[in-house]
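Enquirer: Reminder that position 197 of the sequence shown reads as 199 in this note's numbering, one-by-one numbering, no gaps.
Structure below; questions to follow.
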Amino acid sequence: MDAGLVNNLKVIYEDNHIIVVEKPCNLLMQEDKTRDPDLLTMTKEYLKRKYQKPGNVYLGLVHRLDRPVGGVVVFAKTSKAASRLSNQIRLHQFQKQYIAIVEDNNLKNEGTFQDYLSKNEQTNTSFVDAKGKLSILSYRVLSRKDNLAKVLIDLKTGRHHQIRVQFSSRNHALWADQRYNPKAIKHQQLALWAYRLTLIHPTLKQSMTFESPIPNQYPFTI
Numbered sequence: 003m004d005a006g007l008v009n010n011l012k013v014i015y016e017d018n019h020i021i022v023v024e025k026p027c028n029l030l031m032q033e034d035k036t037r038d039p040d041l042l043t044m045t046k047e048y049l050k051r052k053y054q055k056p057g058n059v060y061l062g063l064v065h066r067l068d069r070p071v072g073g074v075v076v077f078a079k080t081s082k083a084a085s086r087l088s089n090q091i092r093l094h095q096f097q098k099q100y101i102a103i104v105e106d107n108n109l110k111n112e113g114t115f116q117d118y119l120s121k122n123e124q125t126n127t128s129f130v131d132a133k134g135k136l137s138i139l140s141y142r143v144l145s146r147k148d149n150l151a152k153v154l155i156d157l158k159t160g161r162h163h164q165i166r167v168q169f170s171s172r173n174h175a176l177w178a179d180q181r182y183n184p185k186a187i188k189h190q191q192l193a194l195w196a197y198r199l200t201l202i203h204p205t206l207k208q209s210m211t212f213e214s215p216i217p218n219q220y221p222f223t224i
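If you want it as structure tokens, here you go:
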């Protein structure tokens, strides 16, 4: 892997059990058939170099961000930590907050969206479907400009493309969402950022919150 990529990895927090990093936009979470660089391999390589480990490094992937999305991600450094963090996710004990730029269209200042979503495996998209999985989020508008709204989102469930589908289905599609916003301009960056993550440390048993500041560029600066 390119040494420059590994050297630029932004580590937010690390101890013997977990490592919290900032995922750059458009980076894969883990290797796929494209063989493009991915965050899991990058973080493993970082640990191998830091601790001069000759063999393979264990790193547990416990949650994901879509490829276009940047922000805070936690990996487990032991299988025990991975098991405990995965259990927290199953019990909805992870608190995940995102910041997104959406089409305003008279969006209320705050609200809760509740839908049932299903995934189309062929097209890798999700859609509102009465037979789907319960999907809940709440949001609060932080600012508005140019018929855009910057929203802080509290994700209650972690469904595939949940934020993108729930906002687009209500005529508030995300800025530059190539899948769910028909007005999106090609090659513009999806405006969705994993801003804050709160979890219970797998061994210390105390609540910890990690943040990754949003990019200082339009449209996040509205």
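Where a beta carbon is used, it is the ideal one built from N, C-alpha and C, also for glycine.
A151 by DSSP, collapsed to three states: which one?
Expert: Here residue 151 is taken as the residue at index 149 of the sequence shown, counted from 1. Looking at A151 - three-state DSSP - the assignment turns out to be strand.
Enquirer: Can you tell me which of the three DSSP states L49 falls into?
Expert: As a first step, residue 49 must be located in the sequence shown, where it is residue number 47. Here L49 sits in helix by DSSP.
Enquirer: Using only the heavy atoms of the ligand PLP, determine whether one of them is closer than 6 Å to the beta carbon of Y182.
Expert: The model depicted lacks the ligand PLP and carries no ligand whatsoever.
Enquirer: Would DSSP call F212 helix, strand or coil?
Expert: Here residue 212 refers to the residue found at position 210 when the sequence shown is read from its first residue. Strand, per DSSP.
Enquirer: Short of 6 Å in beta carbon distance, which residues of its chain neighbour H203, apart from the five on each side in sequence? Order them along the chain.
Expert: Within the sequence shown, residue 203 is the residue found at index 201, counting from 1. So the qualifying residues of the chain are M210.
Enquirer: Using CA coordinates, which residue listed in S81, G72 and K25 is at the minimum distance from L192?
Expert: Translated into the one-based positions of the sequence shown, residue 192 becomes position 190. Selected option, being the one with the closest Cα: G72.
Enquirer: Could you tell me the alpha carbon to alpha carbon distance between A132 and Q99, rounded to whole angstroms?
Expert: Reading the sequence shown from its first residue, position 130 is the one you call residue 132. Reading the sequence shown from its first residue, position 97 is the one you call residue 99. Using only the alpha carbons, I get a separation of about 26 Å.
Enquirer: Look at the alpha carbon of E287 and the alpha carbon of D38, and state the distance between them as a whole number of angstroms.
Expert: Absent from the structure is residue 287, since the part of the chain shown begins at 3 and ends at 224.
Enquirer: Would you report the Cα separation of K25 and M31, rounded to the nearest angstrom?
Expert: To locate residue 25, count along the sequence shown from 1; it is residue 23. To locate residue 31, count along the sequence shown from 1; it is residue 29. Taking the straight line from one Cα to the other gives about 8 Å.
Enquirer: May I ask you to list the residues that DSSP assigns as paired with I138?
Expert: Here the question's residue 138 lines up with position 136 in the sequence shown. Answer by DSSP bridge pairing, in chain order: Q116.
Enquirer: Return helix, strand or coil for S171, following the three-state DSSP convention.
Expert: Your numbering for residue 171 matches position 169 in the sequence shown. Here S171 sits in coil by DSSP.
Enquirer: Is there contact between the stretch 83-92 and the stretch 120-138, where contact requires at least three CB pairs shorter than 8 Å?
Expert: In short, these stretches do not touch, since the Cβ pair count stays below three.
Enquirer: Identify which residue in L87, F169 and L176 has its Cα closest to the Cα of H65.
Expert: Taking the first residue of the sequence shown as 1, we reach residue 65 at position 63. Comparing Cα positions, the closest option is L87.
Enquirer: Going by DSSP, which residues form a beta bridge with G57?
Expert: Reading the sequence shown from its first residue, position 55 is the one you call residue 57. None; G57 has no bridge partner.
Enquirer: Run the CB neighbour count on Q164, radius 10 Å, all protein chains shown included, and call it buried at 16 or more, exposed below.
Expert: Walking along the sequence shown from the start, residue 164 turns up at place 162. That one is buried.
Enquirer: Give the straight-line distance between the Cα atoms of W249 and G62, rounded to the nearest whole angstrom.
Expert: It is not possible to answer for residue 249, since the shown part of the chain is limited to 3 through 224.
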